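Protein chains in written order, with this note's numbering: chain A, 1 to 220; chain B, 1 to 220.
Where is the CB? At the ideal position from N, CA and C, for every residue including glycine.
Quantities reported herein were computed from a predicted structural model and do not represent experimental measurements.
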DNA sequence: TATTATTTTTAGATTAACCTAAAATCGAAA
DNA sequence: TTTCGATTTTAGGTTAATCTAAAAATAATA
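Pasting the structure below:
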C-alpha cells in the first residue's frame with residue numbers, strides 16, 4: 001500500500017509523538033506538531049485508518065499497526081540517511097539539514113536508498129546521534145557514556161543527566177548544555193580531570209569532572 | 001514567483017518540445033509528452049500564462065518568456081546534476097537514473113544544489129552527454145566529432161549523421177546505433193581504420209571508417 | 001467557399017489536503 | 001448526576017491537478 005507525502009508525514013509525527021507506539025497521542029497534539037487544524041487531523045486519521053497503518057476509533061484514540069510502524073521507520077531511515085549524506089558529503093552544518101532531509105525523505109526509490117546506504121558505509125547514527133533503522137526497521141539503541149569518560153576529540157549528544165536537581169539543570173541551561181545539545185571534548189586537564197567542551201559547534205566551556213560525571217552522552 | 005512541481009514539469013516539457021523556445025508547440029504535443037489530456041494542458045497553460053512564464057494566447061499558441069526559460073533551465077540543471085550524482089557516486093547505470101532524477105529535480109534548496117555541484121566538481125555534462133546549465137542558465141554546447149576521429153576508450157553519444165539517406169539510417173537502426181545511442185570506442189584497426197564500438201553498454205559492433213565518418217558524436 | 005475534420009477550450013466532476021464553523025462526545029467539577 | 005468546558009468530529013467550502021463530454025475555433029478539403 002502506497003502512502004502520499006502528507007500521509008507519510010502524519011504517520012511519522014504519530015510515530016514520534018507516541019514514542020514508537022508506546023504512548024497515546026491526541027488529535028490536538030498531532031495538529032500542533034503538523035501545524036494544521038484538528039479538523040484536518042480527524043480527516044487524515046480516517047484515511048490512515050482505511051489504509052490500515054493505524055487502528056482508529058473516533059473520539060477514543062489510535063494505535064499504530066505493525067504495518068504503520070514499518071512505514072514510519074522506513075521514512076525515518078530515509079530522513080536520517082539523507083542527513084548523514086548532507087553533513088558528511090556536502091558539508092552541511094548539522095543544524096542546516098533538517099528542512100532539506102524533510103523533502104528528500106519522500107523520494108521514492110528502493111535502489112536509491114540501498115545505494116545511498118552503501119555509499120555512506122552503512123551508518124548506524126545520524127548527525128544528531130539518532131539511530132538509523134536498518135532496511136527491516138530494526139534500530140540499534142546507542143549506549144550512553146558519562147561525559148567525563150569520553151576521550152579528547154570524541155563527540156556526541158547530551159541525552160540525559162544523572163542528577164536532575166533543579167539547581168543542576170539550571171546550571172546546564174545557563175552554560176547552554178541542555179538535553180539534546182551536541183558536544184565535543186576539546187581537552188581534558190590531567191591534574192583534576194576537568195574538561196573543555198565545545199557545545200553546538202560554537203560555544204566552548206569548562207566543566208569539572210564531577211559535573212561531567214552527571215551528564216550522559218550518546219556518542220557518534 | 002514559485003512554481004508547483006506540476007508547473008515545473010509542464011514548463012520543462014514545453015522548453016524541450018520547443019527546443020528552447022525556437023519551435024512552436026501544440027497543446028496536443030504537450031498532452032502526449034506529459035501523458036495527460038489536452039483539456040488538462042489548456043488549464044495548465046492558462047496558469048503558466050498567469051505566472052508569466054509563458055505568453056499564451058488561446059487557440060493561437062504560446063511562447064516561453066525569459067523568466068520561463070530561466071525556470072526551465074534551473075530544473076534541467078538540477079535534473080542533470082542529480083543524474084551525475086547517481087551515476088558517478090551511487091553507481092547507477094546511465095539508463096536507470098531518469099525516473100529518480102525526475103523526483104530529485106523538484107527538491108527545493110539553493111544551498112543543496114550549490115553544494116552538490118561543488119561536490120561533483122562542477123560537471124559540464126550529464127551521463128547522457130547533455131550539457132548542464134550553470135547557475136545563471138548558461139549552457140556550454142558540446143562540440144561534435146566524427147566517430148572515426150575518436151580515440152580508443154573515448155565515449156559519447158550519437159547526436160547526428162552527415163549522410164541522412166534512408167539507406168544509411170536503416171543500417172544504423174539495424175545495428176542499434178540510433179541517434180541518442182551511447183557509444184564507446186573499444187578498438188581501432190590500424191590497417192583500414194575500422195572500429196569496434198560498444199553500444200549502450202551491451203552490444204559491440206564493427207564499423208568501417210567510412211560509416212564512422214558519417215556519424216557525429218558528442219563526447220563525454 | 002462551404003463543409004468536414006481536427007484541435008483546442010470550456011463546463012462540470014473528482015480527489016487530496018487543507019480550512020472555518022457548528023455539532024457531537026467525553027470527562028471533570030459542582 | 002448533571003452540567004460545563006475542552007476535545008474531537010462532521011459539514012460544507014477552497015485550491016490544485018486531473019478527468020470526460022461537449023462546445024468553439026481553426027485548418028483542410030471537396
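Any beta-carbon of chain B closer than 8 Å to the one on residue i?
i              : result
residue 170(A) : no
residue 132(A) : no
residue 121(A) : no
residue 81(A)  : no
residue 115(A) : yes
Which same chain residues end up closer than 6 Å to residue i when comparing Cβ atoms and leaving out the 5 residues on each side of it in sequence?
i              : result
residue 214(A) : 161, 162 and 163
residue 147(B) : 212, 215 and 217
residue 182(B) : 157 and 200
residue 104(B) : 82
residue 48(B)  : 54
residue 56(A)  : 45, 49 and 62
residue 16(A)  : none
What does DSSP give as the partner residue(s) for residue i in the beta ladder?
i              : result
residue 195(A) : 188(A) and 207(A)
residue 33(B)  : Answer is none; residue 33(B) lacks a bridge partner.
residue 159(A) : Residue 159(A) is not bridged to any residue.
residue 183(A) : 156(A) and 199(A)
residue 64(A)  : 54(A)
residue 216(A) : 146(A) and 160(A)
residue 131(B) : 125(B)
Give a yes or no on whether the minimum CB-CB distance between residue i and chain A is below 8 Å.
i              : result
residue 107(B) : yes
residue 144(B) : no
residue 112(B) : yes
residue 198(B) : no
residue 104(B) : yes
Can you give me the Cβ contacts of residue i inside the same chain, cut-off strictly under 7 Å, excluding the 5 residues immediately before and after it?
i              : result
residue 86(B)  : 92, 97, 100 and 101
residue 133(B) : 73, 76, 77 and 139
residue 262(A) : Only positions 1 to 220 of chain A appear in this structure, which leaves residue 262(A) out of reach.
residue 125(B) : 131, 132, 142 and 220
residue 180(B) : 157 and 158
residue 223(A) : Coverage of chain A is limited to positions 1 through 220, which leaves residue 223(A) absent and any answer about it impossible.
residue 106(B) : 5 and 8
residue 127(A) : 83, 84, 87, 94 and 97
Quick one: residues in its chain with C-beta nearer than 8 Å to the C-beta of residue i, no 5 flanking neighbours on either side, listed in chain order?
i              : result
residue 71(A)  : 3, 8, 11 and 53
residue 27(B)  : 38, 41, 42 and 45
residue 144(B) : 159, 160, 216, 217 and 218
residue 169(A) : 161
residue 66(B)  : none
Could you check whether the Cβ of residue i sits closer than 7 Å to any heavy atom belonging to the ligand MN?
i             : result
residue 33(B) : The model on display carries no ligand, and the ligand MN is accordingly not part of it.
The stretch 66-78 of chain A: positions lying closer than 9 Å to chain B by Cβ: none
For the stretch 86-102 of chain A, which residues have a CB atom closer than 8 Å to at least one CB atom of chain B, in sequence order? 86, 89, 90, 91, 92, 96, 99 and 100
Of all the residues that make up the stretch 1-24 of chain A, which are near chain B by a beta-carbon distance shorter than 7 Å? none
Count Cβ pairs between the stretch 180-195 of chain A and the stretch 143-154 of chain A that sit closer than 8 Å; are there 3 or more? yes
Is it true that the stretch 29-44 of chain B meets the stretch 193-208 of chain A, where meeting means three or more beta-carbon pairs spaced less than 8 Å apart? no
Pairs of beta-carbons, one from the stretch 59-67 of chain A and one from the stretch 108-116 of chain A, closer than 8 Å: are there three or more? no
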